[in-house]
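Residue numbers (our numbering), protein chains in the order written: chain A, 1 to 492; chain B, 1001 to 1122.
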């Protein structure tokens, strides 16, 4: 409690206030709405870094909303792991938003830009609360806010394919929410609680009396989060939605929105399901096999694409599956790798979508085959793309290597050689579809066929920042890995 | 046999699950978008009904504290949660319908299959 506890709420509330104020100030001065949301994002980022620091120093903070202790009130928990996720959410949102400020000018009509800023702030706030909340129903409400705003960030670009993709996303997302709420009802039926800790304590007793009820609930949770996080057979909405959206939305949706659901599923596995349940039915194995299938099929589908953004979207399906594999392998090292991959992939995929967005901004080229020789014309976006690709493949010096390294170590320690092979094969497949783009962009001699406009300074700056982050996550990974290791030991 | 007996006691669970499956099936298989949205509402309502049914206590009254006598009252929490849930469902419905209006304006159809055909012809 106390001051630091209140800060966790301010991190979300400042964003919500800016979301409501942004359209209002835009009526007076249109430019101000962007700067207002930017200020709120800076504030919540600084707050979450401060929270992370104080959590490492003084330990876990439990904050009761409105002063009502559970079981009556909603509890927010700030432990190292959740604070780590909070920093990722606010930090990456801030970074993408700086890029979005200029990129949106050419993708959206002027009168909807302030609404985009507003939706962006609500989306970030909902994800921040999802990372912290310790209450099932609060989680449901935040998931719905996140789903609506994420869809709206796609359909705000009033183009035909965006509308169709947004509608499909909304329907499947509603399906996921429905399953989640039914699961919550079944858990509430046997435990009488909604607070994670209390549910876990009750479930370990109730499982002897009502096993079927609890098995069904756990299956519903997996379907719900699998749909929302695009776990392999439930991924069908993702490619269209992420590819047709405006570039900053694609970066946000692929970078953060699917990660937060994977993270929450991880919390549910460790903080909600009792050990007896996980021993009774092979939930982890299911996640692991689906993850392994996703890793392979995501890469294979990505190879077949001719559209740059669609290829990146399919690649997200493969990469999110790595995080699920981390949950599934159930070894400390693999879990660390999976959680580190949340950060690495958020940075890398956002960087890739930014460079794709910059190429589209500058030349209008979207087809992969048209990218040949573009490296000489647009060196910075292509360099960013190259570094992002290197991290996707897992070349040394990039973050992708570290997370895959830990995942591979974890599967070795558990004696699951098959999954080690899957991880290696997927890296090779990634190289097969990322590297030719890079090579043909830089090596091929093409006559100067592009008409291009200059990329604004703020977009260049964010791409440089992104490259530095990808390289930093590969070279100085130790502090973050140590933080995650410490957080993982706290969980068990 | 034992399971069937239990189900007969808790028939409202069965009713809720049947409604849920009807909703989910219609939502995923029908191509008409309006039907999809209606099915989404059926699915949500089934969960709401289940939630409220859980909170019912036999012979219970509305949970208003009166000073006179001790009494049995129903669990108020599910009701409070479901009010929130209904608000969420209404806003998702409104948003989905607004997308459908836009789709109708730009494509001239509200059928997913026809939409798919039009996209592939382009």
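Cβ coordinates follow ideal geometry from the N, Cα and C atoms, glycine included.
Where residue 416 of chain A falls: helix, strand or coil (DSSP): Note: residue 416 of chain A maps to coil in three-state DSSP.
Counted within 10 angstroms of its Cβ, other Cβ atoms place residue 1061 of chain B as buried (16 or more) or exposed: Looking at its Cβ environment, which holds fewer than 16 other Cβ atoms inside 10 Å, residue 1061 of chain B is exposed.
Interface residues of chain A facing residue 1208 of chain B [CB-CB closer than 9 angstroms]: The structure shown has nothing for residue 1208 of chain B, since chain B only spans 1001 to 1122.
Residue 1073 of chain B in three-state terms, based on DSSP: Strand at residue 1073 of chain B.
Beta carbon proximity, residue 148 of chain A to chain B, threshold 9 angstroms: Yes - at least one Cβ of chain B is within 9 angstroms of the one on residue 148 of chain A.
Beta-carbon separation (whole angstroms), residue 166 of chain A vs residue 241 of chain A, contact threshold 8 angstroms: Sure, about 7 angstroms apart at Cβ, within 8 angstroms.
Cβ-Cβ distance between residue 173 of chain A and residue 147 of chain A below 9 angstroms: Taking C-beta atoms as the reference points, residue 173 of chain A and residue 147 of chain A count as a pair closer than 9 angstroms.
Test item: CB-CB of residue 188 of chain A and residue 1051 of chain B under 9 angstroms: Yes, Cβ-Cβ distance for residue 188 of chain A and residue 1051 of chain B is below 9 angstroms.
9 angstroms Cβ cutoff met for residue 335 of chain A and residue 400 of chain A: At the C-beta level, residue 335 of chain A and residue 400 of chain A stay beyond 9 angstroms of one another.
Residues within the region 1042-1069 of chain B neighbouring chain A, beta-carbon criterion of under 7 angstroms: Per Cβ criterion, the list reads 1043, 1044, 1047, 1050, 1051 and 1054.
Straight-line gap, residue 7 of chain A to residue 333 of chain A (C-alpha atoms, nearest Å): C-alpha separation (whole angstroms): 32 angstroms.
Opposing strand residues paired with residue 307 of chain A [DSSP bridges]: Residue 307 of chain A pairs with A:367.
Pair within 9 angstroms by beta-carbon distance, residue 337 of chain A and residue 407 of chain A: With respect to residue 407 of chain A, residue 337 of chain A sits close: the two C-beta atoms are nearer than 9 angstroms.
For residue 330 of chain A, three-class secondary structure by DSSP: Per DSSP, reduced to three states, the secondary structure at residue 330 of chain A is coil, with no helix or strand assignment.
Close-in-space but distant-in-sequence residues of the same chain around residue 306 of chain A (CB under 8 angstroms, 5 per side omitted): Excluding sequence neighbours, residue 306 of chain A sits near 367, 368 and 369.
Integer Cβ distance of residue 1110 of chain B from residue 1033 of chain B, believed to fall under 8 angstroms: So it is a contact: roughly 5 angstroms between Cβ atoms.
Proximal residues of chain B, C-beta to C-beta of residue 385 of chain A below 7 angstroms: Contact of residue 385 of chain A with chain B by beta-carbon distance below 7 angstroms is absent, the smallest such distance being about 28 angstroms.
C-beta contact flag for residue 252 of chain A and residue 350 of chain A at 9 angstroms: Between residue 252 of chain A and residue 350 of chain A, the C-beta spacing is below 9 angstroms.
Contact under 9 angstroms by Cβ, residue 87 of chain A with residue 54 of chain A: It is not a contact, given that the beta carbons lie outside the stated cut-off.
Interface flag, residue 504 of chain A vs chain B, CB-CB below 9 angstroms: Past the boundaries of the shown model lies residue 504 of chain A; chain A is included only from 1 to 492, so the question cannot be answered.
Residue 161 of chain A - containing alpha helix (DSSP H), residue span: Here the alpha helix (DSSP H) through residue 161 of chain A covers 160-191.
Top-ranked residue by Cα proximity to residue 452 of chain A, from A:42, A:359 and A:31: That would be A:359, whose Cα lies nearest to the Cα of residue 452 of chain A.
Interface positions of the region 166-192 of chain A facing chain B (Cβ-Cβ less than 9 angstroms), listed along the chain: Of all residues in the region 166-192 of chain A, those with a C-beta nearer than 9 angstroms to a C-beta of chain B are 166, 167, 168, 170, 171, 172, 173, 174, 175, 177, 178, 179, 181, 182, 184, 185, 186, 188, 189 and 192, reading in chain order.
Residue 195 of chain A - DSSP class collapsed to helix/strand/coil: In the structure shown, residue 195 of chain A falls within a strand segment according to DSSP collapsed to helix, strand and coil.
Secondary structure of residue 75 of chain A, DSSP reduced to three states: Here residue 75 of chain A sits in strand by DSSP.
Proximity winner among B:1045, B:1037, B:1104 and B:1058, relative to residue 169 of chain A (alpha-carbon distances): Restricting attention to B:1045, B:1037, B:1104 and B:1058, the CA atom closest to the CA of residue 169 of chain A is found in B:1037.
Through-space distance from residue 1066 of chain B to residue 150 of chain A, alpha-carbon basis: One C-alpha to the other measures close to 46 angstroms.
Contact between the region 126-146 of chain A and the region 67-81 of chain A (3+ Cβ pairs under 8 angstroms): Two segments are said to touch when three or more pairs of C-beta atoms, one from each, lie closer than 8 angstroms; by this definition the region 126-146 of chain A touches the region 67-81 of chain A.
Closest Cα partner of residue 1080 of chain B within the set B:1107, B:1068 and B:1048: With respect to the C-alpha of residue 1080 of chain B, the residue from B:1107, B:1068 and B:1048 having the closest C-alpha is B:1048.
Cβ-Cβ distance between residue 44 of chain A and residue 99 of chain A below 9 angstroms: No; because the gap between Cβ atoms is not below 9 angstroms, this pair is not in contact.
Secondary structure, alpha helix (DSSP H): runs of 4+ residues fully inside the region 242-281 of chain A: As far as the region 242-281 of chain A is concerned, its whole alpha helix (DSSP H) runs of at least 4 residues are 247-252, 258-267 and 275-280.
DSSP beta-bridge partners of residue 63 of chain A: The partner list for residue 63 of chain A (beta bridge, DSSP) reads A:76.
Outcome for residue 430 of chain A when other beta-carbon atoms lying within 10 angstroms are tallied against a minimum of 16: Buried, because 16 or more other Cβ atoms sit within 10 Å of the Cβ of residue 430 of chain A.
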